[in-house]
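Here the protein sequences come in this chain order: A and B.
Okay, so the first sequence: first residue is 1 according to the working numbering, each after it adds one.
Okay, so the second sequence: first residue is 351 according to the working numbering, each after it adds one.
Heads up, the beta-carbon is just placed ideally off N, CA and C, and yes, glycines get one too.
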Amino acid sequence: MTAIDRPVMRRPQWHWWVIIPPALLAALLFGAAIGEVSIPPQVVLKVLANKVLNAGYAVDKIDEGIVWNYRMARAVVAMCCGAGLALSGVVLQALLRNALADPYLLGISAGASTGAVAVTILGLGGGAISLSIGAFSGALVAFAFVAVLAQAAGGGVGLRAAGVIVLAGIAGSQMFNALTALMITKSANAEQARAIMFWLLGNMSGVRWPDVFSALPAAMIGLLACLWHARALDAFTFGSDSAASLGIPVRRVQLLLIGTAALVTAVMVSVVGAIGFVGLVIPHAMRIVVGHRHAILVPASALAGAVFLVFADVISRVIVPGQVLPIGVVTALVGAPVFALILIGKRTSP
Amino acid sequence: MILSCHELGWRVRNRAIVNDVSLSLRPGEKLGLIGPNGSGKSTLLHMLAGIQKPSRGRVELDGAPLAKMRQRDIAQRLALVEQHADTADRITVRHAVELGRTPWLSALRGWSHQDDAIVTQALADVDLSGFGDRHWHTLSGGEQQRVHIARALAQRPQVLLLDEPTNHLDIRHQLSILELIQRLPTTAIIALHDLNQATLCDRICVLENGTLRAIGTPSEIMNEPLLREVFGVCGHFLVDPADNAQVIRFHTATH
């Protein structure tokens with residue numbers, strides 16, 4: 001039985017590169033058109049043409065300001081965050097062989113909140129440090145703490161090492177959450193506590209174009225690192241020993257990809273707060289839809305995360321008139337039922 | 351001398367799991383690795399595969415020290431079939447076997463028809479030709495074990511290390527896997543629990559408490575004192591009248 005009866009298929013993912021740009025553009029238009037003031041899609045397109053191609057269409061200045069300065073920047077950042085968080089989830093779930101792994105597993109959101117609270121409530125840095133930089137620094141400190149703890153616990157290789165990283169992440173998260181709670185209860189007034197709470201659940205209302213310059217490169221680096229290592233991620237299917245016997249330099253790949261995931265997550269958290277659910281559920285949903293091959297799963301998760309977060313942001317703006325919900329609330333409220341439907345649909349289909 | 355190790359040892363918390371093991375494989379030979387539970391068989395195989403770093407001694411593949419080789423170069427020449435590798439992912443049998451091509455692919459060298467042919471052949475070799483689209487978690491333990499072997503075959507290795515490959519298999523598939531391994535042109539080390547199956551190998555290596563107790567052809571080393579001292583059983587050596595092959599019958603050692 002040596003007949004080659006199957007053509008070479010599934011591997012070329014060119015069709016993804018045909019689907020992705022239109023899908024992203026559609027999400028962008030949607031994100032820019034809908035809000036408290038509805039702006040027709042053709043106006044959005046004209047603004048886009050004016051700004052990107054210098055087309056010179058006549059557009060109302062206020063509309064242009066809303067679309068470009070406010071909603072477009074917000075939609076682009078939402079896309080970057082959605083893609084970045086989903087990719088971090090893909091990486092951590094694949095490498096740690098743990099279905100519950102998400103980008104905040106490594107203590108990053110806990111550290112970011114500690115950093116943000118230290119800046120806003122304790123006044124660390126005397127006003128010279130922004131909330132974003134505080135959060136970013138906090139996230140990196142927490143990740144370093146978790147990494148050093150995991151290293152010191154000496155997981156060795158294999159499943160034990162993955163278990164040690166998860167446990168170190170939990171310990172780190174608990175400690176930094178406790179620090180945050182301590183600072184809030186000791187020093188914050190009710191108003192500050194509420195603001196911090198809001199920020200922790202994810203908040204995109206302050207997002208402007210400069211935020212794109214940190215979120216976009218982070219998302220691109222995450223995407224490239226994942227695509228480059230797609231086969232290595234596949235090789236972890238049967239655990240890290242099996243990956244090693246398939247020729248993967250396990251330590252180096254783990255260090256590089258987990259480090260990248262941590263960095264990407266830290267950047268996203270510092271820009272928009274700790275938006276939950278995306279990094280945990282988008283990878284699972286996409287595995288059900290497109291399968292487990294990372295050459296397909298990686299672009300699919302990035303795209304789904306990007307589109308999903310734009311939609312979540314739009315919903316957070318319009319669902320309660322006159323009030324913006326934290327986007328983390330929306331991602332969970334919308335995402336959980338959608339995920340449930342996907343799970344059920346998968347079970348009933350053959 | 352294709353794969354060899356010298357004074358290989360691995361200690362954990364001051365307990366020697368493998369101690370001072372030296373052996374070298376001859377090209378094409380099948381070496382049976384036997385020993386009671388906990389005698390260090392798996393650890394020795396992991397060190398020979400370059401997955402576990404030895405605490406002392408060295409492993410050489412084609413005369414080059416394994417410790418200095420890239421993992422990818424090792425995987426192109428040597429494949430390991432582990433004992434309990436499992437996954438929660440919903441992957442198909444074919445996808446699992448395709449993973450065996452990983453060391454031969456890179457960002458620049460993509461999947462080709464040749465890779466497909468090798469995967470198809472590997473599936474046929476372990477008698478799983480019709481199973482390509484089955485999902486991993488719908489397979490029995492024995493079928494999963496055969497998929498692991500097919501994945502190792504898809505690596506097209508010169509040396510195959512198998513950690514109890516006949517575990518979980520029914521007798522027909524035990525025999526067919528062992529026959530397959532015998533037929534392959536690759537050099538192989540096979541950790542086995544069935545001592546009668548081990549006598550089919552060219553040479554046998556006996557591990558006891560992590561040390562190399564004996565190595566040699568089955569007729570040289572398989573004898574009653576060894577069975578009693580290493581395995582704690584009595585063995586009677588019988589002759590099968592059908593082909594004059596020697597068969598061992600075991601009894602608990604009462605005296």
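Assuming the contact rule is C-beta atoms closer than 8 Å, residue i and residue j should be a hit. Round their C-beta distance to whole Å, please.
i	j	result
G65 of chain A	G279 of chain A	The pair is not a contact, with the Cβ atoms about 33 Å apart (cut-off 8 Å).
V59 of chain A	N50 of chain A	7 Å
S584 of chain B	L577 of chain B	The amino acid occupying residue 584 of chain B in the given sequence is Cys; Ser does not appear at that position. Right, their Cβ atoms sit about 7 Å apart.
C478 of chain B	A500 of chain B	Reading the sequence as shown, one finds Leu at residue 478 of chain B and not Cys. Yes, L478 of chain B and A500 of chain B are in contact; Cβ-Cβ is about 6 Å, under 8 Å.
L428 of chain B	A472 of chain B	Wrong, their Cβ atoms sit about 16 Å apart, outside the cutoff.
S137 of chain A	A435 of chain B	The Cβ separation is near 41 Å, so there is no contact.
G239 of chain A	P453 of chain B	At roughly 17 Å, the Cβ-Cβ gap does not stay under 8 Å, so G239 of chain A and P453 of chain B are not in contact.
D313 of chain A	V271 of chain A	The Cβ separation is near 13 Å, so there is no contact.
L395 of chain B	C555 of chain B	Not a contact, Cβ separation roughly 11 Å.
T393 of chain B	I367 of chain B	5 Å
P41 of chain A	L29 of chain A	5 Å
M183 of chain A	L122 of chain A	6 Å
A219 of chain A	A83 of chain A	5 Å
In the structure shown, what three-state DSSP assignment does residue i receive?
i	result
V157 of chain A	Only weak support exists for where V157 of chain A lies, its pLDDT of 49 falling under 50; the value from the coordinates is given anyway. Coil at V157 of chain A, not helix or strand.
H356 of chain B	strand
V59 of chain A	coil
A101 of chain A	coil
C81 of chain A	helix
T265 of chain A	helix
D370 of chain B	strand
F587 of chain B	strand
R451 of chain B	helix
L343 of chain A	helix
L383 of chain B	strand
P415 of chain B	strand
I277 of chain A	Note on identity: in this sequence residue 277 of chain A is Phe, with Ile being the wrong assignment. If DSSP states are grouped into helix, strand and coil, F277 of chain A belongs with coil.
V18 of chain A	helix
D466 of chain B	helix
I516 of chain B	A quick correction: the sequence has Thr, not Ile, at residue 516 of chain B. It is coil, neither helix nor strand.
A243 of chain A	helix
R408 of chain B	strand
Q42 of chain A	helix
Q151 of chain A	helix
S558 of chain B	Reading the sequence as shown, one finds Glu at residue 558 of chain B and not Ser. Strand.
V207 of chain A	coil
T549 of chain B	coil
A399 of chain B	coil
Q508 of chain B	coil
A438 of chain B	coil
I129 of chain A	coil
So the candidates are the options; which of them puts its Cα closest to the Cα of residue i?
i	options	result
A261 of chain A	A:V307, A:T180, A:P326, A:A302	A:A302
I165 of chain A	A:R317, A:A274, A:L45, A:I258	A:I258
V469 of chain B	B:F600, B:T437, B:E493, B:Q505	B:Q505
E341 of chain B	B:A467, B:E558, B:L550	The question about residue 341 of chain B has no answer, for chain B in this structure spans 351 to 605.
R440 of chain B	B:H485, B:G582, B:S392	B:H485
I108 of chain A	A:L216, A:V91, A:A274	A:A274
W209 of chain A	A:V44, A:Y57, A:Y70	A:Y70
A94 of chain A	A:P337, A:Q254, A:F311, A:A193	A:Q254
V476 of chain B	B:H487, B:L525, B:S389	B:L525
T331 of chain A	A:F311, A:Y57, A:L341, A:V324	A:F311
E379 of chain B	B:I401, B:V362, B:T567	B:T567
T180 of chain A	A:I196, A:I170, A:V76	A:I196
M572 of chain B	B:N546, B:R408, B:N387	B:N546
I282 of chain A	A:A266, A:V267, A:F308	A:F308
R287 of chain A	A:T237, A:I327, A:Q323	A:T237
E558 of chain B	B:R361, B:F581, B:A438, B:E514	B:F581
Can you name the residues of chain E whose CB is closer than 8 Å to the CB of residue i?
i	result
I424 of chain B	In the structure shown, chain E cannot be found, because the protein chains are A and B.
Against chain A: residues of the stretch 433-452 of chain B by CB proximity under 8 Å: A435, D436, T437, A438, D439, R440, I441, H445, A446, L449, G450, T452
Does the stretch 509-519 of chain B touch the stretch 532-548 of chain B, meaning 3 or more C-beta pairs lie closer than 8 Å? yes
The stretch 169-179 of chain A contacting the stretch 143-152 of chain A, beta-carbon criterion three pairs below 8 Å: yes
Are the stretch 351-360 of chain B and the stretch 282-298 of chain A touching by the rule of at least three beta carbon pairs closer than 8 Å? no
Give a yes or no on contact between the stretch 213-229 of chain A and the stretch 416-432 of chain B, applying the rule of three or more CB pairs nearer than 8 Å. no
For the stretch 558-565 of chain B against the stretch 358-376 of chain B, are there 3 or more C-beta pairs whose distance is under 8 Å? yes
Select from the stretch 246-271 of chain A all residues with a C-beta closer than 8 Å to any C-beta belonging to chain B, and list them in chain order. L246, G247, I248, P249, V250
Are there three or more Cβ pairs, one per stretch, closer than 8 Å when the stretch 279-293 of chain A is compared with the stretch 112-132 of chain A? no
Contact the stretch 20-38 of chain A vs the stretch 312-329 of chain A: 3+ CB pairs below 8 Å: yes
Could you list the residues in the stretch 284-318 of chain A with a C-beta less than 9 Å from some C-beta on chain B, going in chain order? R287, I288, G291, H292, R293
The stretch 87-110 of chain A: which residues have C-beta closer than 7 Å to a C-beta of chain B, in chain order? A99
Contact list for the stretch 228-243 of chain A against chain B, Cβ threshold 7 Å: W228, R231, D234, A235, T237, F238, G239, D241, S242
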